[in-house]
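Below is one structure, written out as structure tokens, with a few remarks after it.
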Amino acid sequence: MAARFARPARAGRAVRAGRSLPDEPRADPRTAARSGRHGVRRGATMSRIDDYRRVAAPGAVDFILKLAGQVKGRRFLHITGGRLGGGATETLRAAVPILSELNVDTRWEVTGGDNTYYTTARSLQAALEGAERVLSEEGLARWVDMNGLNAKKLDLDADLTVVHDCQPASLVSARTAGRWVWRCHFDCSSAQPTPWTFFRRFAEQYDAAVFALPGFEGRLGIPMYIVPPSIDPLSERNRDLTPREISDTLTALGVSRDKPLLVQIGGFARAHDPLGVVNAYRLVKKHHDVRLVLAGTADGEPERLELLSHLLEVAHEDHDVVVLELPPEAHRQVNALQRAATIVLQKSVRAGFDLGPAEAMWKGKPVVGGYAGGLAQQIVTNVTGYTVHSVEGAAFRIRHLLNNPELIPRMGAAGREHVRRSFLITRELVDDLALGVHLTR
């Protein structure tokens with residue numbers, strides 16, 4: 002079978018999923034809650050809190066209702082660098098309408114700026130994640146100045162303001178009354194020293210910081226809390242799909258299901274080790290007739306495009322390797338690929354929390370993944386899948402599952418229950434509301 006390659010510029014319409022929320026500061030995410038019968042999520046419409054009772058852990062929704070009652074009358078504000086892409090925005094797109102439905106006064110604003118502002122913010126965050134970046138004094142000054150302008154344009158009046166990640170972080174210099182929290186969704190424990198010294202003077206103006214995992218935090222002289230991220234089980238990326246929807250989506254992508262599918266979803270970056278996945282597949286292929294699907298984004302970065310080009314050469318030589326470049330909003334396509342998979346791979350060698358395993362386990366799939374970031378936190382070895390250190394280890398675990406097919410549904414069912422208890426948005430809402438009660442009392 003010929004490898005399929007879907008680029009947004011040429012085949013974006015074929016793989017485009019749902020519709021996007023407007024990416025501008027005054028857009029109100031609550032408007033989406035009014036579309037769709039009964040407000041149940043279909044595509045980009047929003048789900049009512051009671052819809053989560055059928056998927057969440059017992060008692061979770063009732064706990065949310067009790068906590069929501071304790072923060073009524075208090076005003077909450079979330080600020081991000083945009084409304085598209087990233088785990089923080091996906092969570093907020095579901096959480097803000099739910100909280101508004103519960104009469105918890107919650108707003109979501111985004112910052113904007115010029116090219117220098119965006120470029121500097123991306124480079125600064127990369128440096129805080131440990132990458133080597135050259136940051137000019139002029140660029141950093143522009144980042145600070147643009148957030149000063151953002152502060153004048155945005156309504157910052159709230160009892161608790163949560164600023165997410167790097168781009169809007171210096172807004173804290175214009176803080177108003179109320180408590181301010183910096184919510185860091187990436188691992189900054191290995192930040193480059195000079196950028197961290199610069200950034201720390203803003204971070205320590207906050208009343209607290211929240212990180213995804215113990216060990217992800219940088220050194221700060223303020224209280225720090227841990228709130229792991231979550232998935233929305235009713236979103237387009239994770240909702241149940243009918244067999245027809247799965248079949249039609251895979252047909253559109255050119256993925257045949259005539260043999261077991263090994264699927265990895267992730268950006269075409271060395272951090273996700275797609276070449277290591279290819280090598281593991283080749284070892285498995287000596288014993289089992291399987292197909293490998295690698296799907297993700299390249300983001301236009303030269304290093305990623307070079308890696309993608311290499312993978313396309315591999316796919317050209319081996320028709321059982323399928324490479325799909327999908328746009329960030331291709332949620333239904335990702336959903337269908339994970340549901341069609343026999344085994345899901347997440348062999349990252351460097352990662353943040355990376356909710357890919359949680360998404361796959363929610364769909365009842367065993368996961369073979371690396372130890373990087375939050376992968377080992379999600380994968381329970383010998384119960385929901387396996388964590389591995391090497392290409393050979395990944396191939397061994399994949400072969401073990403294929404040789405013992407009864408383990409696949411057993412691990413898949415265990416994984417779904419693990420995610421139900423620990424990684425659904427209902428659990429994160431409980432954590433966020435409890436933190437809100439604590440910080441605004």
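Read left to right, the sequence shown gives residues 2 to 442 (our numbering).
All C-beta atoms, glycine included, are put in the ideal place defined by N, C-alpha and C.
Being a predicted model, the structure only gives us computed values, none of them experimental.
Check, Outcome
"Boundaries of the alpha helix (DSSP H) in which Tyr282 is found, first to last residue", "275-286"
"Asp160 to Arg351 span [Cα, whole Å]", "36 Å"
"Beta bridge counterpart(s) of Glu393 as assigned by DSSP", "Answer is none; Glu393 lacks a bridge partner."
"Environment of Ala33 [buried if 16+ CB atoms lie within 10 Å]", "The predicted model places Ala33 with a pLDDT of 37, which falls under 50 and marks its position as unreliable, so this point remains unresolved."
"Simplified DSSP assignment, three categories, for Glu418", "helix"
"Any 3 or more C-beta pairs closer than 8 Å across the segment 293-311 and the segment 421-428", "no"
"Whether Ile399 touches Ile344 by CB criterion (8 Å)", "yes"
"Nearest residue (CA-CA) to Lys366, options Glu393, Arg411, Val322, Val279", "Arg411"
"Residue nearest to Arg292 in terms of C-alpha spacing, selected from Gly371, Gly301, Val264, Thr81", "Val264"
"Beta-carbon contacts of Asp433 that lie in its chain and below 6 Å, excluding the five residues immediately before and after", "none"
"For His444, three-class secondary structure by DSSP", "Any question about residue 444 goes unanswered here, given that the chain covers just 2 to 442."
"Whole-angstrom distance between Ala359 and Val105, CA atom to CA atom", "28 Å"
"Within 8 Å, strictly: CB atoms of Ser101 and Thr107", "yes"
"7 Å CB neighbourhood of Trp363 in its chain, flanking five on each side removed", "Ile232, Pro234, Asn239, Arg417, Val420"
"Proximity winner among Thr385, Ile266, Val145, relative to Leu338 (alpha-carbon distances)", "Ile266"
"Residue span of the beta strand (DSSP E) that contains Ile232, given as start and end", "Here Ile232 belongs to no beta strand (DSSP E), and DSSP marks it neither H nor E."
"Rounded distance between the beta-carbons of Arg180 and Gln206, thought under 8 Å", "Wrong, their Cβ atoms sit about 12 Å apart, outside the cutoff."
"Chain-order list of residues whose beta-carbon lies under 7 Å from that of Gly1 (same chain, five-residue window excluded)", "Coverage of the chain is limited to positions 2 through 442, which leaves residue 1 absent and any answer about it impossible."
"Helix, strand or coil at Ala213 according to DSSP, with G and I counted as helix", "coil"
"Rounded straight-line distance, which links the Cα of Pro275 to that of Asp319", "15 Å"
"Contact check, Ala396 vs Thr388, beta carbons under 8 Å", "no"
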